[in-house]
Each structure stands twice: as structure tokens, then as C-alpha cells.
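Engineer:
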Amino acid sequence: MTRITVRRTSDPSPRSGSSASSTPLAIGAIVLGLGLGVAIGFVLTEVAGPVARRAITGRARRVAPGQPVRALVAHAQAALDDDLMLRDCRLEVVPVGRGRIELHGWVKDRRSRARAAHLVGDAVPAAAIINCLRVRGEDDSIVPVDEPGADELLA
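In terms of numbering that gives the first Met the number 0, the sequence shown has 52 at position 53, counting the first letter as 1, and numbering is strictly consecutive.
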């Protein structure tokens, strides 16, 4: 059996970087870094703030005053009917309140679902566009309990 011996010295020498004189220097570097980070944050907020504000308010569209919901539905339906990829899906735009519309129907994949929502979002200034589109192969696997024969499928 091999023996390992550990020798301890009575006067340990200070390791490099842990001397008492470097502690104030480290604290000073940390305070300088925090102060510089705060200053850069304020400068970037002032420079990029107006651009960010325009981007955020540009996304949040408001309903045009006096524009009836029928016009929103007609413009949204026209945007969906004009798209070649979505024309065969037979999508329907349904009004659900003032400035609010829903998209109903079946699409072939998630990309088509997102495309329809983006097309309608760009075409009409609705307050809310609720995407109720269903994707074939994903949403049709759920069988409603009210259908005849649903008990056999669930068992």
C-alpha cells in the first residue's frame, strides 16, 4: 500500500492576487464598471428611445374612427382571397366586436396559419385579430365528445 504524506508549513505565504493591497483596487474596478454601465445605458436610452417608441406604437394599431366593422371584414377577406397560397383554404373572417375580427377555417400547416394572420394584420387596422385557424394534421386529431361514435374512439 502506498502512503501519501502531506506537509504543512507553519508560515503560509500569501498567494498571488489575494494581498490586502489589491482589495481596494478590485472594489474600485467594480464600482467603475457599474458606473460606466449605468452611463452607457442612459446614453443608449436617449439615442434609441425614440426609434423604439415608434416601433412599438407602429405595431399597436388603432381602429380608424368611423370605419365600420363590415369594412374591416371585407378588406381582411379580400387580403386572404388575393393570396395564392391561402385562396384554396376557404378561410372566413368573422366580426366579433368593434374593431375585432376572427379568422376561421383550416390551413395545411403552421406557416400558412401565420401567413394568414400577418396578411390580415397588414391589410386592416383592427384593434384585435384573433387567429382561430386550425392546422390539418394537428388540430383535427381532437374528436369532440358530442359526435356520434366518439365514445368508441376515446375508449
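C-beta atoms are modelled at their ideal positions from N, C-alpha and C, and glycine is treated no differently.
Since this is a predicted model, take the numbers as computed values, not measurements.
With DSSP run on the structure shown, which of helix, strand or coil describes G125?
Structural biologist: Position check: residue 125 holds Ala in this sequence, whereas Gly was assumed. Three-state result, A125: coil.
Engineer: Just curious, the alpha helix (DSSP H) that L79 is in, first and last residue?
Structural biologist: V68 to D81
Engineer: Hey, would you say R109 sits closer than 8 Å to V134, going by beta carbons?
Structural biologist: Yes, these two residues count as a Cβ contact at 8 Å.
Engineer: Could you check where the beta strand (DSSP E) with L102 kicks off and where it finishes?
Structural biologist: R99 to H103
Engineer: My understanding is that L71 touches A116, with C-beta atoms under 8 Å, so please give their C-beta distance in whole angstroms.
Structural biologist: Between L71 and A116, the beta carbon gap of about 15 Å keeps them out of contact (Cβ cut-off 8 Å).
Engineer: Less than 8 Å between the beta carbons of R99 and A127, yes or no?
Structural biologist: yes
Engineer: Alpha carbons only, please: which of C131, V68 and R69 is nearest the one belonging to L90?
Structural biologist: Cα-wise, what sits closest to L90 is C131.
Engineer: Pull up the DSSP beta-bridge partners for V93, would you.
Structural biologist: Bridge partners of V93 according to DSSP: E101.
Engineer: Going by beta carbon distance, what residues of the same chain come within less than 6 Å of H103, once the five residues before and after it are set aside?
Structural biologist: E91, V93 and C131
Engineer: Pop quiz: V119 and A75 are said to be a contact at Cβ under 8 Å. What is the actual Cβ separation, rounded to whole angstroms?
Structural biologist: 5 Å
Engineer: Quick check on this structure: which residue in E101, W105 and S111 has the alpha carbon closest to the alpha carbon of L83?
Structural biologist: S111
Engineer: Buried or exposed: L79, going by 16 or more other Cβ atoms within 10 Å of its Cβ?
Structural biologist: buried
Engineer: By how many angstroms is the C-alpha of L31 removed from the C-alpha of F41?
Structural biologist: 16 Å
Engineer: Identify every residue that forms a DSSP beta bridge with V134.
Structural biologist: In the DSSP output, where bridge partners are listed per residue, V134 has V106.
Engineer: In whole angstroms, give me the CA-to-CA distance for I39 and P23.
Structural biologist: 24 Å
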